[in-house]
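Participant:
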Amino acid sequence: DQQVKQNSPSLSVQEGRISILNCDYTNSMFDYFLWYKKYPAEGPTFLISISSIKDKNEDGRFTVFLNKSAKHLSLHIVPSQPGDSAVYFCAAKAGGTSYGKLTFGQGTILTVHP
Amino acid sequence: DTGVSQNPRHKITKRGQNVTFRCDPISEHNRLYWYRQTLGQGPEFLTYFQNEAQLEKSRLLSDRFSAERPKGSFSTLEIQRTEQGDSAMYLCATHRVSETGELFFGEGSRLTVL
Numbered sequence: 005d006q007q008v009k010q011n012s013p014s015l016s017v018q019e020g021r022i023s024i025l026n027c028d029y030t031n032s033m034f035d036y037f038l039w040y041k042k043y044p045a046e047g048p049t050f051l052i053s054i055s056s057i058k059d060k061n062e063d064g065r066f067t068v069f070l071n072k073s074a075k076h077l078s079l080h081i082v083p084s085q086p087g088d089s090a091v092y093f094c095a096a097k098a099g100g101t102s103y104g105k106l107t108f109g110q111g112t113i114l115t116v117h118p
Numbered sequence: 003d004t005g006v007s008q009n010p011r012h013k014i015t016k017r018g019q020n021v022t023f024r025c026d027p028i029s030e031h032n033r034l035y036w037y038r039q040t041l042g043q044g045p046e047f048l049t050y051f052q053n054e055a056q057l058e059k060s061r062l063l064s065d066r067f068s069a070e071r072p073k074g075s076f077s078t079l080e081i082q083r084t085e086q087g088d089s090a091m092y093l094c095a096t097h098r099v100s101e102t103g104e105l106f107f108g109e110g111s112r113l114t115v116l
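As they're listed, the protein sequences go chains P and R.
First residue of the first sequence? That's 5 in our numbering, and the numbers climb one at a time after it.
First residue of the second sequence? That's 3 in our numbering, and the numbers climb one at a time after it.
Quick look at the structure:
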């Protein structure tokens, strides 16, 4: 069963515009959520996270929104830059488990056109 | 280089052969994780260590898989009697036990079983 789902395999955006990547989850025990970015031939790198007690977290151009009632989170990138082109993974941690034991979504390929 | 290092980067083997992957963590990170990523999917948790103790194993880790972390430093992941379904990217990630969420991933070891 896919407990974390990213239903959009790909997203194409013009440079300078907003990129919105979405993620849905089913496990109500998840209490911490993260976004990772992956470039080809590299391992995933941490981008931003949010605890379940918050509904928004910002870091520069990146903002993550959490809607617990809808079991939905999203990542907003404003403004988008060509260097943001990568695969983005949503991930979640269940309460009482190690912070490194994550359940990942399938990923969304973001392409930012100049 | 102070990142997580994985070797070999690529391994091609015939079905039935044994393979071993090595992960050298960031030196002060006491937790080490193994993940597997197949094409079009996100990473899936396999197992993790705190220092030399293996604390958890996923159901994905069949009897043909064994992981070790002698002396709490580098770790090895061995797959015995490989099958074509074992073809995947094997990712190692580490963090300090006190840190929240930010895993540092290596570049991965890609296994192709013919």
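Don't be surprised by glycine CBs; every beta carbon is placed ideally from N, CA and C.
(1) Please list the residues of the segment 48-67 of chain P that have a C-beta atom closer than 8 Å to any C-beta atom in chain R, keeping them in chain order.
(2) Buried or exposed for residue 84 of chain P, please, with buried defined as at least 16 other CB atoms from any protein chain shown within 10 angstroms of its CB.
(3) Does residue 33 of chain R have its Cβ less than 8 Å from a Cβ in chain P?
(4) If we cut at 8 Å on Cβ distances, does residue 12 of chain P have a partner in chain R?
(5) Mind checking which residues open and close the beta strand (DSSP E) that includes residue 41 of chain P?
(6) Taking C-beta pairs closer than 9 Å, name the residues in chain P that residue 110 of chain R reaches, listed in chain order.
(7) In whole angstroms, what is the alpha-carbon distance linking residue 19 of chain R and residue 66 of chain R?
(8) Any beta carbon from chain P within less than 8 Å of residue 50 of chain R's own beta carbon?
(9) So is residue 85 of chain P in contact with chain R if we call contact Cβ pairs under 8 Å?
(10) At the level of alpha carbons, what is the spacing between residue 104 of chain P and residue 97 of chain P?
(11) Which residues in the same chain have their Cβ closer than 6 Å to the Cβ of residue 41 of chain P, if we skip the five residues on either side of it in sequence?
(12) Could you check which residue in P/75, P/100 and P/13 has the C-alpha nearest to that of residue 112 of chain P?
(13) Cutting at 7 Å between CB atoms, please list the residues of its own chain near residue 85 of chain R, excluding the five before and the five after it.
(14) Using 8 Å as the threshold, is the C-beta distance between residue 35 of chain R and residue 47 of chain R below it?
Facilitator: So, from the listed chains and residues:
(1) For the segment 48-67 of chain P, residues whose beta-carbon sits nearer than 8 Å to a beta-carbon of chain R comprise 48, 49, 50 and 53.
(2) Answer is buried; the Cβ neighbour count reaches 16.
(3) yes
(4) For residue 12 of chain P, the answer is no, since every Cβ of chain R falls outside 8 Å of its Cβ.
(5) 34-42
(6) 45, 46 and 47
(7) 11 Å
(8) Chain P contact via Cβ: present.
(9) Taking 8 Å as the CB threshold, residue 85 of chain P stays off the interface with chain R.
(10) 8 Å
(11) Closer than 6 Å at the Cβ level, and outside the excluded window around residue 41 of chain P, lie 49, 51, 90 and 92.
(12) P/13
(13) Short of 7 Å from the beta carbon of residue 85 of chain R, and not among the five residues preceding or following it, lie these beta carbons of its own chain, in chain order: 17 and 115.
(14) yes
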